[in-house]
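Novice:
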Amino acid sequence: MIITLTLNPAVDQTVWVPHLEVAAVNRARQAHLDPAGKGVNV
Numbered sequence: 000m001i002i003t004l005t006l007n008p009a010v011d012q013t014v015w016v017p018h019l020e021v022a023a024v025n026r027a028r029q030a031h032l033d034p035a036g037k038g039v040n041v
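The sequence shown begins at 0 in numbering that gives the first Met the number 0 and counts up one residue at a time.
(1) Are the Cβ atoms of ALA30 and VAL10 separated by less than 8 Å?
(2) Specify the secondary structure class of HIS31 as computed by DSSP and reduced to three states.
(3) State the start and end residues of the unbroken beta strand (DSSP E) segment that holds THR13.
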């Protein structure tokens, strides 16, 4: 049996923009930070 601890910490940021317009300044109304990451599959 092989047991490994593979850490790959990351933070995902999701932003909400009510109306996305091309070639314009778009401002986010809300932003959420969520823990993420994944170990390496062997």
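All C-beta atoms, glycine included, are put in the ideal place defined by N, C-alpha and C. Owing to the predicted nature of the structure, the values given are computational and were not obtained by experimental measurement.
Specialist: The short version:
(1) Here ALA30 is not near VAL10, since their CB atoms are 8 Å or more apart.
(2) strand
(3) 8-15
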